[in-house]
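Under the numbering used here, residue 325 is the last one in the sequence shown; the count climbs by one each step, no gaps.
Glycine included, every Cβ here is placed at the ideal spot set by N, Cα and C.
Quantities reported herein were computed from a predicted structural model and do not represent experimental measurements.
The structure appears below as structure tokens.
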Amino acid sequence: MRAKTDWLLTFSRLFVGVLFTISGLIKVNDIRGFAYKLEEYFEVFYKHSGIPFHEIFGPWSVALAGGIAVFETALALFLLIGYARHFTAWSLLLMIVFFTFLTGYSAITKAVSDCGCFGDVIKFTPWQSFAKDVVLLFFIGYIFLKREELRLWVPRKAAAPLAWGLAAVITGMTIYFYLYLPAIDFLPYHVGQNLKAATTPDPRTHTIAITDYVSTQSSECQIDEMSGRTLMLVAMRLEDLTEAQIERWKRLLDGLPSDVKVVGVTSSSPELRQRWPKEKGISVCFAPQDQTVLKAILRSSAGALYLEDGIIRQKWSWRQLPEGKALRK
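This is the structure we're talking about:
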């Protein structure tokens, strides 16, 4: 006689599996953004406990973000496949208990405005995040209690190769999006965005202003209006740039059409902004910008934006930078 189907278990499995897959893939897509969120948590924990989490785990934030994103997505796929049911059920339970504690702590202390569960795609308030995790805790708890009843949804011989093959693909995607840029850009400064429109912060969407990015004390750094074609070099900190990154910039600037204006933005000190271009042989004036804004502009330590009449037409991480002649019309 065929066993009766447990519809609550089936629903729980589908609901958790699909939701964790979406959540994990969003993190995989923007691994640097997730790392920035972890760094924010480390700072908060340090302020509340006095334990230097930011010093201990800060240098490993990208590795931790990648590990969590891959693990979360892989667990979701394992659950949907029905592979390694005991390991999957235990791992999901421990993960959701940890996440529930984290979001509950954030909600009570109001220390973090958004959990970062769905990156920049969907923003939850701390209490909304906590409520979401409580609901997930119920369904995952049921999966854990019924883990012996989890059955494969694929042929037995295909389960292990499929599960580990998908995990390998997810790992490869994570590394690729870290080295280059997210496949889908959910940031305020995405391709097609009018930079003038993005200069006004929107409290509803938490958009960060790029406050008059061309205004500095040096008149040679000013651009009165973003008309025509503009190339914006972006660097988190000039002092951290490698020779490979600098060479990529030089290759881009060489052969650049004369009608393309060039400006740079960085969080480095005024003294370094004046001295660094001369030392490196790069004839670009760098304007000051906050690191938080730079992180929202480009998910890379260095790169460039190409604009036409203030509209972002292309974004590159430093590894993707083309040669200057590519911008010739």
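Work out the CA separation of F140 and L10 for me, nearest whole Å. The straight-line gap from Cα to Cα measures roughly 14 Å.
Residues near F114 by beta carbon distance below 7 Å, same chain, minus five either side: Only S19, I22 meet the Cβ criterion.
Identify whether S254 lies in helix, strand or coil by the three-state DSSP scheme. In this structure, S254 counts as coil in the three-state DSSP scheme.
Quick check on the burial criterion: 16 or more other C-beta atoms within 10 angstroms. Buried or exposed for Q241? Buried.
Do you know how far the Cα of D305 is from the Cα of D116? Across the structure, D116 and D305 are spaced so that their CA atoms are roughly 26 Å apart.
Does K0 pass the burial test, meaning 16 or more other C-beta atoms within 10 Å, or should it be called exposed? With fewer than 16 other Cβ atoms from the protein chains shown falling within 10 Å of its own Cβ, K0 counts as exposed.
Reduced DSSP secondary structure (H/G/I, E/B, other) of F282: For F282, the secondary structure class from DSSP, reduced to helix, strand or coil, is strand.
Between Y185 and I293, how many whole angstroms is the CB-CB distance? I'm expecting something under 8 Å. Cβ-Cβ separation between Y185 and I293: approximately 5 Å, consistent with a contact (criterion under 8 Å).
Span separating the alpha-carbon of S109 from that of P151: Approximately 44 Å between the Cα atoms of the pair.
Output needed for L158: all residues of its chain with C-beta closer than 7 Å, excluding positions within five of it in sequence on either side, in chain order. Take L158, set aside five residues on each side of it, and the residues of its chain with a beta-carbon closer than 7 Å to its own are I77, V150, in chain order.
Apart from the five residues on each side of it in sequence, which residues of its chain come closer than 6 Å, Cβ to Cβ, to L162? Closer than 6 Å at the Cβ level, and outside the excluded window around L162, lie L73.
Leaving aside the five residues before and after G224 along the sequence, list all residues of the same chain whose C-beta is less than 6 Å from its C-beta, in chain order. Shown here for G224: not one same chain residue has a beta carbon closer than 6 Å to its own, the five before and five after excluded.
Keeping to the same chain, check which residues put their C-beta closer than 6 Å to that of R309; ignore five residues upstream and five downstream. So the qualifying residues of the chain are Y302.
Using DSSP with H/G/I as helix, E/B as strand and the rest coil, what is K311? Three-state result, K311: strand.
Among V259, K291, D129, nearest to F16 - alpha-carbon criterion: Between F16 and the set V259, K291, D129, the nearest pair of CA atoms involves D129.
What is the C-beta distance between S313 and Y176, in whole angstroms, given that I count them as a contact (C-beta under 8 Å)? With a contact defined as Cβ atoms closer than 8 Å, S313 and Y176 qualify at about 5 Å.
Looking at F38: is its Cβ nearer than 8 Å to the Cβ of F49? Taking C-beta atoms as the reference points, F38 and F49 count as a pair closer than 8 Å.
At what residue ranges does the segment 144 to 184 contain a whole run of the beta strand (DSSP E), taking only runs of 3 or more? Entirely contained in the segment 144 to 184, not one beta strand (DSSP E) run reaches 3 residues.
Does the segment 121 to 136 come within contact of the segment 58 to 70, defined as at least 3 CB pairs closer than 8 Å? By the C-beta criterion, the segment 121 to 136 is judged not to be in contact with the segment 58 to 70, since fewer than 3 inter-stretch pairs fall below 8 Å.
What residues in its chain sit with their C-beta under 7 Å from that of L268, if we drop five residues either side in the sequence? Excluding sequence neighbours, L268 sits near L234, E235.
Classify R147: buried if its beta carbon has 16 or more other beta carbons within 10 angstroms, exposed otherwise. R147 is classed as exposed because its beta carbon has fewer than 16 other beta carbons within 10 Å across all chains shown.
Measure the C-alpha to C-alpha separation of R324 and F95 and round it to an integer number of angstroms. Distance between the alpha carbons of R324 and F95 is about 50 Å.
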